[in-house]
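Going by the numbering used here, the sequence shown opens with residue 96, and the numbers climb by one from there.
Ideal Cβ placement from N, Cα and C applies to all residues, glycine included.
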Amino acid sequence: MKRDTQLVGTPGEHPVLSRLLGTSKKRLFINTKLVKKSLFAILITTLFVTYLQPASAAERKKPSWLASCPEVIDVTPNIETKKTQNLRFLNTGQEFTLLAKNSVHPVTEPQSIIGCYVIEDLVSNRDSSPEWQVGSLSRDINGYYFRNAAGVTWRLSVGADGLTLETLPGSLYYKAGFGFKIDETYVKATDCKVKDSKLGSIRLGFPRNSERVPQFAITQNLILVVDFPDARLSESLASVVNNVLSPTTVERFFNVSSNGKFSPKFSTFPAVITLNSLDSSFVPESTGRYFNNGIQQDHRMVKEAVSLAKLQGQLNNYSSITVFAPTSKSLGYYGSAFLELPIDVGGKTTINSQLVGQVGTVNSPVPSWKVFAHEYGHLLGMYDYYIPATGTTGKSPGPFDLMGNTSGNANSFFGFQRWVQGWIEDSEVICDYTTNSSTIHSLTPLNQNSGKKLYVHPIDGKLALVIEFRTESEFDVLKGNDGLLVYLIDMKVASLKGPISIQPSEQDIVLSPRDDVEKYSRAPLSSGQTVKVKDLVIVAEDVSQERATFKVLTDIEFQAKQDAEARAAAELKAKQESAAKAAAAKKTTITCTKGKLTRKITALKPVCPAGYKKK
Numbered sequence: 096m097k098r099d100t101q102l103v104g105t106p107g108e109h110p111v112l113s114r115l116l117g118t119s120k121k122r123l124f125i126n127t128k129l130v131k132k133s134l135f136a137i138l139i140t141t142l143f144v145t146y147l148q149p150a151s152a153a154e155r156k157k158p159s160w161l162a163s164c165p166e167v168i169d170v171t172p173n174i175e176t177k178k179t180q181n182l183r184f185l186n187t188g189q190e191f192t193l194l195a196k197n198s199v200h201p202v203t204e205p206q207s208i209i210g211c212y213v214i215e216d217l218v219s220n221r222d223s224s225p226e227w228q229v230g231s232l233s234r235d236i237n238g239y240y241f242r243n244a245a246g247v248t249w250r251l252s253v254g255a256d257g258l259t260l261e262t263l264p265g266s267l268y269y270k271a272g273f274g275f276k277i278d279e280t281y282v283k284a285t286d287c288k289v290k291d292s293k294l295g296s297i298r299l300g301f302p303r304n305s306e307r308v309p310q311f312a313i314t315q316n317l318i319l320v321v322d323f324p325d326a327r328l329s330e331s332l333a334s335v336v337n338n339v340l341s342p343t344t345v346e347r348f349f350n351v352s353s354n355g356k357f358s359p360k361f362s363t364f365p366a367v368i369t370l371n372s373l374d375s376s377f378v379p380e381s382t383g384r385y386f387n388n389g390i391q392q393d394h395r396m397v398k399e400a401v402s403l404a405k406l407q408g409q410l411n412n413y414s415s416i417t418v419f420a421p422t423s424k425s426l427g428y429y430g431s432a433f434l435e436l437p438i439d440v441g442g443k444t445t446i447n448s449q450l451v452g453q454v455g456t457v458n459s460p461v462p463s464w465k466v467f468a469h470e471y472g473h474l475l476g477m478y479d480y481y482i483p484a485t486g487t488t489g490k491s492p493g494p495f496d497l498m499g500n501t502s503g504n505a506n507s508f509f510g511f512q513r514w515v516q517g518w519i520e521d522s523e524v525i526c527d528y529t530t531n532s533s534t535i536h537s538l539t540p541l542n543q544n545s546g547k548k549l550y551v552h553p554i555d556g557k558l559a560l561v562i563e564f565r566t567e568s569e570f571d572v573l574k575g576n577d578g579l580l581v582y583l584i585d586m587k588v589a590s591l592k593g594p595i596s597i598q599p600s601e602q603d604i605v606l607s608p609r610d611d612v613e614k615y616s617r618a619p620l621s622s623g624q625t626v627k628v629k630d631l632v633i634v635a636e637d638v639s640q641e642r643a644t645f646k647v648l649t650d651i652e653f654q655a656k657q658d659a660e661a662r663a664a665a666e667l668k669a670k671q672e673s674a675a676k677a678a679a680a681k682k683t684t685i686t687c688t689k690g691k692l693t694r695k696i697t698a699l700k701p702v703c704p705a706g707y708k709k710k
């Protein structure tokens, strides 16, 4: 099988994990076959099994669905309800689509919130716990309730915002103020801080999730190295950590990418923790399915590692814990961030941890430290920007940002995410609520610690145009393609679905690219280049090493500019031709002789050559 270089070492978040427990989790795959086999890991606790029940006889489902809609009940149909097209379970991050009444097709416009809801791409996947991807919102004499196809029921009460049906205390995944939220109308952010529409464990927009690891100053993070009775570690502790995770590189990366505002420190537990369980017990026969025997096995590995480490030392003074299993064959090429998995670290509970398996070394084609850093990005609350497929969808950010394709070499975080994290100050952002074609904007390089670093124009309540100035730097290898990087950031698009779309230079297109990394390698605009985005055109004026200037015009203004320039060019050409003709008309001709030789000379002021006399 052809090796899929786009996905080698490129981490990805299993959607079911973030949607079920707000967990950013992924297995890292070597080839497309493994991706198809193991893309959706099942994140289910043993509690899930308690609720499983057979589907009803009258099934409402498409042939491809592995679960059907539960019965929809409304005992007070004459009382109007709010309307929506989608339902978002804030407690887990799941996003459901409302189906038309007595249909298996989505509604085309907002309808009553009472009905059947489905996540269609997951309900058809056996590895994504399909019974948890379809459910009905009903109403009885006690009010609203949501029941999924697994038989789990959440009683609901209308929240103060009128948009959230809050779950009651004692409910599965209960969080105060959280629940099922219907569609919200978002207005354009006058401060350009586009609001995150999901408000889940990981976030694309504002506000940052405060439950994630601290993002300022120095933080302490622990690395636990584990092995197994059937897979012992022969390499020294320091050697394996440095050769694979390379903590000093990751520390430097975050310091640079935060413009010096964040300095995470990673300490390695002084001894290898040998688990009691066999490596082969976690994923028997390398099925790639981590939910086995009623237990989420990768969670079990992390919890067992922590429980054993607690017997040997203090673990409660760290912002995060990384369990590193370099000898685990059952995990394979693997990296996961667990964002809502409670772990008792001794008098304290942490919900920010990650698990890393065999991810190569720092000398691999995709250096292994990138996997470690990518997962830590999730612990900071960042999205996945790449698309888990062949790497040629055109919807990923290509070589830009470590949360995208780790096979790319422009790994610095996007400026907008830096702003969300607080690493870029409000004063360093050009907030352009309404564009003005006469304004020339100026940006300094993204990794520089002075000047304006980011341009943001909110197109609507969920979509923003963003421009930043990328230059060659320690973690950005651009190979001469420095310039203005233009992209759209769409809050409606989920992690792993392409929420950030690069808008490349229209004068420097890569023909027949092998993947998105190559496709967008020349995306930044250099002097004189343009790109059309929606009804706007970005015109790069002067791009140097120190700064980049540009204008943002409407399509009509840009067309008028081009027409004016064309007219000016035509007028100049006409003047030049007219002057040439006029000059030609003023020329005179003389006859010059030299003995028997005769020459005619034509010029404005004709002169005979040396040795010739004018006749």
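Reduced DSSP category for residue i - H, G, I as helix; E, B as strand; rest coil
i    : result
G210 : strand
V702 : coil
Q315 : strand
S431 : strand
K708 : strand
Y269 : coil
P460 : coil
V397 : helix
G499 : coil
V466 : helix
N387 : strand
K676 : helix
N337 : helix
S228 : The identity of residue 228 in the sequence shown is Gln, whereas the question assumes Ser. Residue state, collapsed to three classes: coil.
K196 : coil
P342 : helix
Alpha-carbon to alpha-carbon, residue j and residue i
i    : j    : result
S375 : V320 : 17 Å
E195 : D278 : Glu is not the amino acid found at residue 195; the sequence shown has Ala there. Taking the straight line from one Cα to the other gives about 16 Å.
L541 : K668 : 42 Å
T141 : Y385 : Confidence at T141 is low in this model, with a pLDDT of 26, below 50, so its placement is unreliable and the value that follows should be read with caution. In a straight line, the C-alpha of T141 is about 13 Å away from that of Y385.
I519 : E567 : 19 Å
F273 : N411 : 28 Å
S305 : A468 : 20 Å
P205 : F364 : 54 Å
P421 : V440 : 22 Å
I313 : S358 : 5 Å
F495 : V170 : 53 Å
G697 : K681 : A small fix is needed here, since residue 697 is Thr in this sequence, not Gly. One C-alpha to the other measures close to 10 Å.
K128 : S402 : Bear in mind that a pLDDT of 34 at K128, under 50, signals an unreliable position, so the model cannot answer this.
Q392 : E636 : 55 Å
Q512 : G546 : 18 Å
I318 : A366 : 11 Å
Beta-carbon spacing of residue i, residue j below 8 Å
i    : j    : result
V199 : K156 : yes
V581 : V551 : no
R307 : L475 : yes
V335 : W464 : no
F628 : L583 : Here residue 628 turns out to be Val, not Phe, going by the sequence shown. Contact: yes.
L434 : Q453 : no
S448 : I416 : yes
P340 : V418 : For the record, residue 340 in the displayed sequence is Leu; it is not Pro. No, the pair does not count as a contact, with Cβ atoms beyond the cut-off.
S616 : V632 : no
G706 : K689 : yes
D527 : V647 : yes
Nearest-angstrom Cβ-Cβ length linking residue i and residue j, presumed shorter than 8 Å
i    : j    : result
V780 : L620 : The requested residue 780 is not part of the displayed model; the chain covers only 96 to 710.
K557 : S292 : 6 Å
T259 : I208 : Rounded, the Cβ-Cβ distance is 11 Å, inconsistent with contact.
T649 : I535 : About 16 Å separates the two Cβ atoms, so there is no contact after all.
V247 : L161 : Incorrect: roughly 17 Å between the Cβ atoms, too far for contact.
G210 : L185 : G210 to L185, Cβ: 19 Å. No contact.
Option in the options with minimal Cα separation from residue i
i    : options                   : result
V398 : F273, Y429 and I438       : The sequence given here has Lys at residue 398, not Val. Of F273, Y429 and I438, the residue nearest in Cα terms is I438.
D216 : I208, P225, G210 and I209 : P225
F241 : T280, Q654, I168 and G486 : I168
I482 : E330, P594 and F184       : P594
F377 : F349, D322, L182 and S402 : D322
D325 : T285, A366, P359 and N371 : N371
S600 : A589, V588, G578 and D610 : G578
K356 : T422, G265, F275 and Q516 : Q516
S537 : M477, Q640, E470 and G499 : Q640
P608 : T488, K283, D555 and I236 : T488
Check: residue i C-beta below 7 Å from any heavy atom of the ligand GTP
i    : result
K592 : Absent from the structure shown: the ligand GTP. Ligands present: none.
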